[in-house]
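K.L.:
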Amino acid sequence: MKTLKLVTSILCFVLFFLILFQSCAAGVSNALEANGEASGFAGVLVACLMLAGAIVQLVTRNAPSRGASAAGLVLFLLAALIGFALAGSFLDLRIWSAWCLVLGIINLICLLHRPEA
């Protein structure tokens, strides 16, 4: 699980910039169309929560504490919830939200996994 957390954290760091760029473009599009959607802001929020979850996951991947997995679980599931709820016309946000949901499930598995004593 340590290697999985390392790889997914590095992938999240890379995806953060992509999601942030797409969210800024979606926010400008929402403003120009005046459609009242908040998908651009939601994308920025998802990107920031995903980055925070990746940092927690990366820093604490070797820690035996369950608190780190619980914190990652909350951050990733909150990002997924916000992304799915506010995606609107920004359809890529659903993909990023699904990725956050997968990461939340990974953290749930790590939280429930009891290491052998």
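When the letters of the sequence shown are read in order and numbered with this note's numbering, they come out as residues 5 to 121.
Where a beta carbon is used, it is the ideal one built from N, C-alpha and C, also for glycine.
Remember, predicted model here, so these are calculated numbers, not experimental data.
Do you know offhand how far glycine 71's Cα is from isoleucine 59's?
P.N.:
Here residue 71 refers to the residue found at position 67 of the sequence shown. Here residue 59 refers to the residue found at position 55 of the sequence shown. Their Cα atoms are separated by approximately 14 Å.
K.L.:
Judging by CA-CA distance, which residue of Leu116, Ile109, Phe94 is the nearest neighbour of phenylalanine 25?
P.N.:
The count along the sequence shown starts at 1 and reaches residue 25 at position 21. Comparing Cα positions, the closest option is Phe94.
K.L.:
Can you name, in chain order, every residue of its own chain whose Cβ lies under 6 Å from the Cβ of cysteine 104, other than the five neighbours on each side?
P.N.:
The residue given as residue 104 occupies position 100 in the sequence shown. Hits under 6 Å: Met54, Phe80, Ala83, Ala84.
K.L.:
Report the three-state DSSP secondary structure of phenylalanine 80 (helix, strand or coil).
P.N.:
Residue mapping note: residue 80 aligns to position 76 of the sequence shown, counting from 1. Three-state result, phenylalanine 80: helix.
K.L.:
Could you work out which residue in Leu116, Val106, Phe20 is closest to valine 48 when comparing CA atoms only?
P.N.:
For the purposes of this step, residue 48 is taken as residue 44 along the sequence shown, with counting starting at 1. The residue with the shortest Cα to Cα distance from valine 48 is Phe20.
K.L.:
Is the beta carbon of asparagine 111 closer than 8 Å to that of serine 73?
P.N.:
Indexing the sequence shown from 1 puts residue 73 at position 69. Indexing the sequence shown from 1 puts residue 111 at position 107. Closer than 8 Å, so yes.
K.L.:
Taking the alpha helix (DSSP H) that methionine 54 falls in, what are its first and last residues?
P.N.:
Taking the first residue of the sequence shown as 1, we reach residue 54 at position 50. 43 to 63 is the span of the alpha helix (DSSP H), which, as asked, contains methionine 54.
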